[in-house]
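Numbering (the UniProt record's numbering), first residue to last: 1 to 805. Glycine included, every Cβ here is placed at the ideal spot set by N, Cα and C. Note sheet for the following structure.
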């Protein structure tokens, strides 16, 4: 079949003259390439179905849409009869065309890089073929052509490809700032033969987003003015790259909490804590939407206009973009934000995500009942108790899980309780012989708190009596969080005296402020997972609400908590779940949904920009684009015309260079060095990569990360970004152990991540391999390290560039 096609190609496309004539004009080739239908579906799995039944003749017909990748496919089938006779089938299928163009595309692009995008043209006809190749670029969010922004030369090129051979072509691009995603459309044409590929690549920033916040609180029938000094004091002569200015105000804590749930739903890592956060968010959202008719009405309106963005339809692209540019999750307009939230709060979607998160959480539970932090690690008592306590919170808020999940959920909780009981019983036995460490002792307090949600489950009375006595005797030695948990646990287990004494002591150490409400000056961050101000304040709110039932006090404590919110969330997923829980506890009835709050920025009311549907909820949120931001908009005036408080915040987001954003914390540092490996008669030799090193595609790069800390830390995340022209050698995630340190290593599209549940004092070295895949001038990426649940403890490496020729 190839010969007649080749002949007709030759008849309709005279070699040399015709190609030269077409290449001479820009418009003709451009119009022709626009008519080419490029291949877009590059799914790696073409077809999978677990069960098919044969017809009367014992035949099976498979009908499916084949992905458009030109490659070799493997077909595997397994059949059996009722008598358990079995048979297997294995075949290879090749998808190809006479003329093919295949891109060697990067996983991502980075601002400021120069990269050469290459492709291979293959000619499977029987004659040499003159081919016109074209690359067209567009902004994936707007569809706007951006060829001129990225390319300094023509994106059309020609080549003559011999029969049965292939030839490489390429285009050099310079990546500007301000792009989020780029759609690349590669086409090849030779007479009647055409082919094309279209794919979308995320553009990662070489900068970091900074958020300046001015929280506010206004009592009923009161007018107040606040200033966001970073914006009002901005020097107009100094260059600043604005991202957006957002104001939100509400008097409804339920709606405020609902706005934070998408942060938990979409968070990117799959450790036990964040899988539970995802389950928590979808379960709580379904409960809130189902129990609040007004909210359900608003969300139904938003769902009529689904968001239009390639990030919504391409989960892999979305994961890479949000992982490295998390601000992309924030919509560019109010209608887009509402449509996005409406999609996340779709009832069917929440049910599916709830089931998916639960199944993944099941996979992290060991046969003994304990939960691993990441797959491959040992079961972790802290994570297990966090999950048990979280399920207790949902139960207390009245959240019900679907009937089909109840059996598995009950089994998960029962097994986790058995694991926690066994661990505590072992600890008590050791304690009676010798003194326990303070860290392990805190786990005993956390155990009593989590266990107090399951009073219907039998517990060893001797062990329980020992723990209660120890906690009652030693609560003065504990941290604020430890004292709050001790008070609640003892109260639930029947102690009526000690919890009152603990709350009295806590009350004596509070501070009162019109701006901050009720807070504790010594509620500060530390390096252990329980030294976290947000979670501590949330537990304190729960303790005073449950034991003392002082609504005025609880309301004032919530004021401090609301001040700590950072646009969509609090400082971490764990902090966000605890803060949401604290906000939804009783306190005063703030469920006022009437539009009785007036807000103005720089003297201009925001009322005209608030959508009608949002006024139903008592929640207002308005976002101003970068071009609209002025220094005077840092002055905000709020008037609450009715009884009850209103609160919210003004957020100014702008970009700054990385080294100005993340200074290293005292005693914590990370150093990154690249080496290129070459073979020699004596074996492999590595040499440091410098700006003068001439790298080439195919070179093996060894990355060495040296992490130093002068204090022990818990739940540490080390993330190493890489150059867009490099590819990781390792493809699978897994648990590793070296030099006494265990960690979970996870290669990703734009980085390699290391997770450590415990980081001892000292110097720790991590190494992994990359392969050079693209030519160009690249940022080598920056290594960052931070405490997972105390992000303020962080450090980063110096930025470097690499050149590949």
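Member of 107, 642, 75 and 623 whose CA lies at the smallest distance from the CA of residue 651 | Counted from its first residue, the chain shown places residue 651 at position 651. Taking only the C-alpha atoms, the option nearest residue 651 is 623.
Given that a residue counts as buried once 16 or more other Cβ atoms are within 10 Å of its Cβ, and exposed if not, what is residue 478?
-> As a first step, residue 478 must be located in the chain shown, where it is residue number 478. Per the 10 Å Cβ criterion, buried.
Cα-Cα separation between residue 373 and residue 123, rounded to whole angstroms = Translated into positions along the chain shown, residue 373 becomes position 373. Translated into positions along the chain shown, residue 123 becomes position 123. The straight-line gap from Cα to Cα measures roughly 51 Å.
Take every Cβ of the stretch 679–697, pair it with every Cβ of the stretch 730–742, and state whether three or more of those distances are shorter than 8 Å.
-> no
Can you say whether residue 808 is buried or exposed, counting buried as having 16 or more other CB atoms within 10 angstroms of its CB?
-> Examination of residue 808 is not possible in this model, given that the chain is present from 1 through 805 alone.
Look at the alpha carbon of residue 111 and the alpha carbon of residue 175, and state the distance between them as a whole number of angstroms.
-> One-based indexing of the chain shown puts residue 111 at position 111. One-based indexing of the chain shown puts residue 175 at position 175. Using only the alpha carbons, I get a separation of about 5 Å.
Straight-line gap, residue 649 to residue 702 (C-alpha atoms, nearest Å) = Your numbering for residue 649 matches position 649 in the chain shown. Your numbering for residue 702 matches position 702 in the chain shown. About 46 Å.
State the Cα-Cα distance for the pair residue 734 and residue 506, rounded to the nearest angstrom.
-> On the chain shown, residue 734 is found 734 positions in, with the first residue counted as 1. On the chain shown, residue 506 is found 506 positions in, with the first residue counted as 1. The straight-line gap from Cα to Cα measures roughly 44 Å.
Counting only runs of 3+ residues fully inside the stretch 107–156, write out the beta strand (DSSP E) ranges in chain order.
-> Counting only runs of 3 or more residues that sit fully inside the stretch 107–156, the beta strand (DSSP E) segments are 114–123 and 129–139, in chain order.
List the endpoints of the continuous alpha helix (DSSP H) containing residue 358.
-> Numbered from 1 along the chain shown, position 358 holds the residue referred to as residue 358. Segment 347–363, the alpha helix (DSSP H) holding residue 358.
Bridge-paired residues (DSSP) for residue 796 | For the purposes of this step, residue 796 is taken as residue 796 along the chain shown, with counting starting at 1. Answer is 784.
Just how far apart, CA to CA, sit residue 559 and residue 529?
-> Looking up residue 559 in the chain shown gives position 559. Looking up residue 529 in the chain shown gives position 529. Residue 559 and residue 529 have their alpha carbons spaced roughly 24 Å apart.
Taking the alpha carbon of residue 541 as the point to measure from, which residue in 565, 572, 578 and 525 has its own alpha carbon closest?
-> To locate residue 541, count along the chain shown from 1; it is residue 541. When only C-alpha atoms are compared, the closest one is 578.
Buried versus exposed, by CB contacts within 10 Å (16 or more), residue 56 = The residue you call residue 56 lines up with position 56 of the chain shown. Residue 56 comes out exposed.
For residue 672, is the classification buried or exposed, using 16 other Cβ atoms within 10 angstroms of its Cβ as the cut-off for buried?
-> Looking up residue 672 in the chain shown gives position 672. Buried, since its Cβ has 16 or more Cβ neighbours within 10 Å.
Using the Cα positions of residue 802 and residue 113, report the straight-line distance between them to the nearest angstrom.
-> Residue mapping note: residue 802 aligns to position 802 of the chain shown, counting from 1. Residue mapping note: residue 113 aligns to position 113 of the chain shown, counting from 1. About 10 Å.
Using the DSSP secondary-structure output, state which residues sit across from residue 728 in a beta bridge.
-> Locating residue 728 in the chain shown gives position 728, where the first residue counts as 1. DSSP, once it has assigned bridges, lists 770 as partnering residue 728.
With a threshold of 16 other CB atoms inside 10 Å of the CB of residue 421, please say whether the residue is buried or exposed.
-> Walking along the chain shown from the start, residue 421 turns up at place 421. With 16 or more Cβ atoms within 10 Å of its Cβ, residue 421 is classed as buried.
Limits of the unbroken beta strand (DSSP E) element including residue 688 | Position 688 of the chain shown, counted from the first residue, corresponds to residue 688. Taken as a continuous stretch (DSSP letters only), the beta strand (DSSP E) holding residue 688 covers 683–688.
Separation of residue 177 from residue 13, as counted between CA atoms = In the chain shown, counting from the first residue as 1, residue 13 sits at position 13. In the chain shown, counting from the first residue as 1, residue 177 sits at position 177. Caution is warranted here: a pLDDT of 36 is assigned to residue 13, below 50, making its placement in the model unreliable, and the coordinate value is therefore given only provisionally. Those two C-alpha atoms are separated by around 42 Å.
Taking the C-alpha atoms as reference points, what is the distance between residue 378 and residue 363?
-> Counting from one through the chain shown, the residue named residue 378 turns up at place 378. Counting from one through the chain shown, the residue named residue 363 turns up at place 363. In a straight line, the C-alpha of residue 378 is about 13 Å away from that of residue 363.
Taking the CB atoms as reference points, tell me whether residue 197 and residue 46 lie closer together than 8 Å.
-> Here the question's residue 197 lines up with position 197 in the chain shown. Here the question's residue 46 lines up with position 46 in the chain shown. Their beta carbons are not under 8 Å apart, which means residue 197 does not touch residue 46 by this criterion.
Tell me whether residue 445 sits in a helix, a strand or coil according to DSSP, three-state version.
-> Taking the first residue of the chain shown as 1, we reach residue 445 at position 445. Three-state result, residue 445: helix.
Which value, in whole angstroms, describes the spacing of the CA atoms of residue 271 and residue 637?
-> Counting from one through the chain shown, the residue named residue 271 turns up at place 271. Counting from one through the chain shown, the residue named residue 637 turns up at place 637. Those two C-alpha atoms are separated by around 42 Å.
Span separating the alpha-carbon of residue 129 from that of residue 189 | One-based indexing of the chain shown puts residue 129 at position 129. One-based indexing of the chain shown puts residue 189 at position 189. When rounded, the distance between both Cα atoms is 10 Å.
Distance between beta carbons of residue 427 and residue 444, contact taken as under 8 Å = Here residue 444 refers to the residue found at position 444 when the chain shown is read from its first residue. Here residue 427 refers to the residue found at position 427 when the chain shown is read from its first residue. Confirmed, about 7 Å.
Using 7 Å as the cut-off, classify the Cβ of residue 230 as near or not near the heavy atoms of the ligand MN, replying yes or no.
-> Although the ligand MN was asked about, the structure shown includes no ligands whatsoever.
Return helix, strand or coil for residue 805, following the three-state DSSP convention.
-> In the chain shown, the residue the question calls residue 805 occupies position 805. Of the three classes helix, strand and coil, the one that applies to residue 805 here is coil, per DSSP.
Best match in 633, 794 and 747 for proximity to residue 707 [C-alpha to C-alpha] = What you label residue 707 is simply residue 707 of the chain shown in a count that begins at 1. Nearest C-alpha to residue 707: 794.
Put residue 63 into one of helix, strand or coil per three-state DSSP.
-> Taking the chain shown and counting its residues from 1, the one referred to as residue 63 is at position 63. Residue 63 falls in the coil class under three-state DSSP.
Can you give the Cα-Cα distance for residue 136 and residue 91, rounded to whole angstroms?
-> On the chain shown, residue 136 is found 136 positions in, with the first residue counted as 1. On the chain shown, residue 91 is found 91 positions in, with the first residue counted as 1. Each residue's Cα considered, the two are about 37 Å apart.
For residue 399, the nearest candidate out of 297, 361, 299 and 290 (CA to CA) = Position 399 of the chain shown holds residue 399. Residue 290 is the option with its Cα nearest to residue 399.
Own chain, CB closer than 8 Å to residue 296, minus 5 neighbours either side, in chain order | Within the chain shown, residue 296 is the residue found at index 296, counting from 1. For residue 296, where only same-chain residues beyond five positions count, the Cβ hits under 8 Å are 289 and 290.
Output the distance between the C-alpha atoms of residue 481 and residue 442, rounded to the nearest integer angstrom.
-> Working through the chain shown from its first residue, we reach residue 481 at position 481. Working through the chain shown from its first residue, we reach residue 442 at position 442. Inter-residue distance for residue 481 and residue 442 is about 10 Å (C-alpha atoms, whole angstroms).
In the DSSP assignment, find the beta strand (DSSP E) that holds residue 202 and state where it starts and stops.
-> Position 202 of the chain shown, counted from the start, is the residue given in the question as residue 202. Per DSSP, residue 202 belongs to the beta strand (DSSP E) from 193–204.
Residues that DSSP places opposite residue 734 in a beta bridge = For the purposes of this step, residue 734 is taken as residue 734 along the chain shown, with counting starting at 1. Residue 734 pairs with 745.
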